[in-house]
Structures are given as structure tokens and as C-alpha cells.
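The next block holds one structure in the form of C-alpha cells; read it before the comments.
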Amino acid sequence: MSTFTLKMEIADNRHYNGQLSPLFTAAEAEKARAFHQAVEGYQPTPLHSLDCLAKDIGVGKILVKDEAYRFDLNAFKMLGGAYAIARLLCDEFKLDINAFDFAKLRNDITEKMTFATATDGNHGRGVAWAANKLGQNAVVYMPKGAADERVNNIRALGAECIVTDMNYDDTVRLAIKTADENGWKVVQDTAWEGYTEIPTWIMQGYTTMAAEAVDQMKAMAVERPTHVFLQAGVGAMAGGVLGYLCDQYGPDKLHSVVVEPDQADCIYRSGISEKGEMINVDGDLATIMVGLACGEPNPIGWPVLRDCSTQFVSCQDSVAALGMRVLGNPLGDDPRVVSGESGAVGAGLLAAIHFHPEKEKLMEKMGLNKDSVVLLINTEGDTDPVHYREVVWGGKHQTI
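Mind the numbering: the sequence shown is residues 1 to 400 in UniProt numbering, read in order.
Quick look at the structure:
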């Protein structure tokens with residue numbers, strides 16, 4: 001076999017202390033999950049068991065939570081955006097989140113509100129979807145290079161979508177500034193001084209998929225995962241999901257790995273920093289993993305990742321491309337998983353370790369063996385189908 005040239009940096013978390021966050025408990029997750037269950041069309045997304053791939057790699061089980069099936073949005077992000085908007089409106093109109101009714105509220109709001117956000121694609125689509133369901137307005141800002149498909153999906157939901165000539169973090173700042181000038185409500189999945197409540201709700205919304213996965217594992221007679229691989233942009237999804245899983249199983253019982261593109265690895269750099277402080281990454285953040293192309297950690301998510309992650313990984317784009325191809329071309333009777341660039345990096349990391357010339361050393365470093373149960377989250381399907389085909393069919397970002 002040809003030598004794989006995939007590059008990745010794996011670092012142990014020097015700041016781990018196992019301190020649980022009170023924000024992402026089972027009780028908070030159940031509030032979010034009850035809300036999502038009441039949304040028309042709700043159903044849990046599949047948890048696939050890739051038994052043939054697990055056997056080939058040399059682990060006990062590989063489980064993939066497939067968010068490509070989340071409503072009709074092809075990604076997980078609406079879980080956070082919709083829940084945050086619902087909580088915001090409940091505060092605004094003195095309503096009970098446990099009795100939230102999209103149709104009733106749509107009729108009761110006589111003066112339209114405008115929700116503004118910045119996005120690489122999936123979060124903005126979730127915000128646009130929720131605003132559309134409630135008969136409200138949404139203005140979505142996207143960084144330069146945004147794929148036409150992602151832009152068109154947002155506009156198809158009735159939102160205004162503006163593509164800037166800036167990177168993601170600068171686009172966030174523009175969205176905040178414009179919203180402040182126009183009196184719009186910002187619904188952003190990162191936090192800053194004076195803005196923490198909405199991003200906390202967003203992260204709590206993401207725990208629904210983790211809560212579903214826990215129930216689905218029980219139904220499979222899987223006691224618990226030994227490992228979870230979580231991809232990170234600002235760290236909102238990774239922080240919310242890890243916080244919940246650690247509350248369920250205990251951080252000392254879970255080998256958690258946070259994976260990022262090497263061109264936007266702010267969580268990795270924060271994790272290996274001397275004092276465990278948040279480290280920002282500047283520049284164009286040029287990675288195919290556009291959902292992870294973020295240079296500034298979420299201040300709410302970072303403490304969870306700092307305190308409870310086992311390891312951090314920074315990897316090149318070809319690792320994600322390998323994951324897309326492995327999931328899309330399954331072994332034996334394994335189900336096919338259509339995974340976009342940001343969704344596939346966890347599977348790509350497993351495959352990259354498998355094909356690496358120092359596989360045994362890397363497996364040992366990550367605590368992987370024949371008894372390991374690895375949980376992955378496919379956070380998106382082919383949200384940019386043109387690029388998906390270029391990678392999976394055309395061999396773009398080759399790995400050998």
C-alpha cells in the first residue's frame with residue numbers, strides 16, 4: 001500500500017481537571033430535548049454502527065450519530081439556533097418554554113422581529129429556519145468563499161444572506177455591529193463580554209443529539225462509549241456535547257478527543273498553552289472544513305474542553321477528505337454515511353491512524369484497542385454537494 005502522507009498533531013490535555021460544568025447537565029439537556037420533540041417533524045437521527053470498519057481498524061465498535069437526517073436541513077445546527085430563539089422569545093413575551101408553540105406564537109407576534117447571525121452555513125440555516133417557522137425576519141452574514149449551495153439554502157428560507165469579504169471571526173463582528181445599529185437580536189453561537197445567555201442556550205440545544213445517542217446506545221446494549229471524537233470550530237458543539245456526556249458517564253470514564261483543521265486550530269493551541277488560556281488564530285482560516293473555520297474559542301465552551309478533554313488534535317484537510325471517502329464507501333454491510341467536510345473529520349482521524357506507518361504507537365497514545373467503543377458525530381451531510389463530489393469522486397485533497 002502507498003504511504004499515507006496525512007499530517008496530524010496529537011497533544012494530551014495538560015490542563016485536564018475533570019471539573020464538570022453545571023450548564024450541560026442531564027436536567028438542562030432534557031429541557032432542550034423536550035422542546036425539540038414538540039417541533040413538528042421531529043425524530044431522533046440515526047446512530048449507525050460501522051462494525052466492519054471497526055473490525056478493520058482494530059477497535060470494538062464505531063458508532064456514528066448521523067445529523068444529515070436532522071429535519072430537512074442536512075445538519076445539526078438548528079438544534080441550537082431554534083432552541084435559543086425559542087428561549088429568547090419566551091423571555092421577551094413571558095412564556096413557558098415547556099409549553100412553546102410555534103403556530104400560536106407566530107400568530108401572537110404582531111410586530112416582526114429580526115434575528116441576525118454570522119455563519120459558515122449550517123448555523124445560519126438553522127436560524128433562518130426558526131425565523132421562517134415563526135414568521136420573523138433573519139439576516140445572515142457569511143464569510144468570503146461561502147459555497148453557493150449554502151447561500152441559496154439560507155435564502156430559500158426567506159432570510160437575507162450577505163456574503164462578506166472577511167474571514168469568519170471578522171464576519172461575526174460585522175453582524176454584531178450591524179445588528180446593534182438596527183436594533184436586531186443577535187443569535188450567535190459564540191460568546192463575549194455581556195453576551196453569554198443566548199450562546200449558552202445554543203450549546204444546550206446541541207445536547208439533544210448527545211441525549212439521543214445515549215438512549216440509542218442503551219437500546220444497542222452498549223453500556224457507554226470509551227471514546228468520543230468531537231470536531232470543533234469555536235467549540236460550542238464540542239463543549240455542549242462533552243459537558244453532557246461527562247455528566248452522564250464521568251470525565252474519567254471517557255477518552256475525549258477534540259479535532260480541528262490545522263489552519264483554524266484555536267482550541268488545540270489553547271489546550272497546549274502554558275496556562276490554558278484561550279489562544280486566537282488569525283488569517284484567512286483557509287480549510288475545506290468551513291464549519292470549523294473559526295479562529296476564536298467560545299468562552300463558554302472553552303472551560304468545558306479545557307477541564308474535561310483528554311486530547312486535542314490539529315490535522316490537515318486531507319484527513320477530513322479521507323473521512324468523507326471512508327464513510328461514503330463502506331466496508332461489508334456497514335451503512336453508507338454521506339458526510340460533509342466538517343462532519344467527516346472524526347472518521348478521517350480514525351482512518352488516518354489506521355493507515356499511519358506508526359499505527360500501533362498512535363493507537364496506544366489514544367487509548368484505542370480491541371475493546372474500544374468510539375462515538376463519532378457526523379454533524380453535516382453534503383451541504384456543499386459540488387465539493388462533496390470533487391472530494392469523493394474526483395479525489396480532491398488526496399491522501400496518498
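Ideal placement from N, C-alpha and C gives every residue a C-beta, glycine not left out. Since this is a predicted model, take the numbers as computed values, not measurements.
Assuming the contact rule is C-beta atoms closer than 8 Å, residue 29 and residue 379 should be a hit. Round their C-beta distance to whole Å, please.
Here the question's residue 29 lines up with position 29 in the sequence shown. Here the question's residue 379 lines up with position 379 in the sequence shown. Wrong, their Cβ atoms sit about 17 Å apart, outside the cutoff.
State the Cα-Cα distance for the pair residue 242 and residue 56, rounded to the nearest angstrom.
Your numbering for residue 242 matches position 242 in the sequence shown. Your numbering for residue 56 matches position 56 in the sequence shown. Whole-angstrom Cα-Cα distance: 27 Å.
Does DSSP put residue 190 in a helix, a strand or coil?
Here residue 190 refers to the residue found at position 190 of the sequence shown. Coil.
Are residue 350 and residue 62 close, meaning C-beta to C-beta below 9 Å?
As a working mapping, residue 350 is identified with position 350 in the sequence shown. As a working mapping, residue 62 is identified with position 62 in the sequence shown. The answer is yes: Cβ separation under 9 Å.
What first and last residue would you give for the beta strand (DSSP E) that runs through residue 51?
Within the sequence shown, numbered from 1, the residue matching residue 51 stands at position 51. Where residue 51 is concerned, there is no enclosing beta strand (DSSP E), although the alpha helix (DSSP H) it sits in stretches over 51-57.
Runs of 4 residues minimum, wholly inside the segment 174-240: which ones carry the alpha helix (DSSP H) assignment?
197-219
What residue does the alpha helix (DSSP H) around residue 364 start on, and which one ends it?
As a position in the sequence shown, residue 364 is number 364, starting the count at 1. From DSSP, the alpha helix (DSSP H) with residue 364 extends over 359-365.
Along the alpha helix (DSSP H) that carries residue 390, what are the first and last residues, could you check?
Stepping through the sequence shown from its first residue, residue 390 is reached at position 390. Note, residue 390: alpha helix (DSSP H), 385-392.
Residue 331 and residue 339 look like a contact to me (Cβ under 8 Å); what is the Cβ gap, rounded to whole Å?
The count along the sequence shown starts at 1 and reaches residue 331 at position 331. The count along the sequence shown starts at 1 and reaches residue 339 at position 339. The beta-carbon separation of residue 331 and residue 339, rounded to 15 Å, does not stay under the 8 Å limit for a contact.
I'd like to check one pair, residue 317 with residue 401: are the Cβ atoms closer than 9 Å?
Because the chain is modelled from 1 through 400, residue 401 falls outside the range shown and cannot be assessed.
Within 10 angstroms of its Cβ, does residue 225 collect 16 or more other Cβ (buried), or is it exposed?
Counted from its first residue, the sequence shown places residue 225 at position 225. By the neighbour-count rule (16 or more Cβ atoms within 10 Å), residue 225 is buried.
Enumerated in chain order, which unbroken segments of the alpha helix (DSSP H) with a length of 4 residues or greater are wholly contained in the segment 234-314?
For the alpha helix (DSSP H) assignment, the uninterrupted runs of no fewer than 4 residues enclosed by the segment 234-314 are, from N- to C-terminal side, 236-249, 266-271 and 301-308.
Can you tell which of 382, 393 and 32 has its C-alpha closest to the C-alpha of residue 206?
Reading the sequence shown from its first residue, position 206 is the one you call residue 206. Minimum Cα distance to residue 206 is reached at 32.
So residue 171 and residue 118 are in contact, right, with Cβ under 8 Å, and what is the actual spacing, rounded?
Taking the first residue of the sequence shown as position 1, residue 171 is located at position 171. Taking the first residue of the sequence shown as position 1, residue 118 is located at position 118. Indeed they touch by this definition, with Cβ atoms about 4 Å apart.
Does residue 137 come out as helix, strand or coil in the three-state DSSP assignment?
As a working note, residue 137 is residue 137 in the sequence shown. Three-state result, residue 137: strand.
Within a Cβ cutoff of 8 Å, which residues of the same chain sit near residue 276, ignoring the five residues on either side of it in sequence?
Stepping through the sequence shown from its first residue, residue 276 is reached at position 276. Excluding positions up to five away in sequence, the list reads 14, 15, 270 and 306.
When the distance is taken between beta carbons, is residue 311 closer than 9 Å to residue 285?
Position 285 of the sequence shown, counted from the start, is the residue given in the question as residue 285. Position 311 of the sequence shown, counted from the start, is the residue given in the question as residue 311. No, the pair does not count as a contact, with Cβ atoms beyond the cut-off.
Locate the beta strand (DSSP E) running through residue 8, then write down its first and last residues.
Taking the first residue of the sequence shown as position 1, residue 8 is located at position 8. That run of the beta strand (DSSP E) goes 8-12.
Does the count of Cβ pairs from the segment 130-138 and the segment 103-113 closer than 8 Å reach three?
yes
For the alpha helix (DSSP H) containing residue 337, list its first residue and its last residue.
Here the question's residue 337 lines up with position 337 in the sequence shown. Per DSSP, residue 337 belongs to no alpha helix (DSSP H) and is neither H nor E.
Could you pull the DSSP bridge partners for residue 48 from this structure?
Walking along the sequence shown from the start, residue 48 turns up at place 48. DSSP lists 64 as partners of residue 48.
With a threshold of 6 Å on Cβ separation, who are the neighbours of residue 154 within its own chain once the five nearest residues in sequence on each side are excluded?
What you label residue 154 is simply residue 154 of the sequence shown in a count that begins at 1. Shown here for residue 154: same chain residues with a beta carbon closer than 6 Å to its own, the five before and five after excluded, namely 124, 125, 128, 140 and 161 in chain order.
Do you know how far the Cα of residue 249 is from the Cα of residue 165?
Numbered from its first residue, the sequence shown carries residue 165 at position 165. Numbered from its first residue, the sequence shown carries residue 249 at position 249. Approximately 44 Å between the Cα atoms of the pair.
Out of 227, 397 and 187, point me to the one whose CA is closest to residue 346's CA.
Looking up residue 346 in the sequence shown gives position 346. It is 227 whose Cα lies nearest to the Cα of residue 346.
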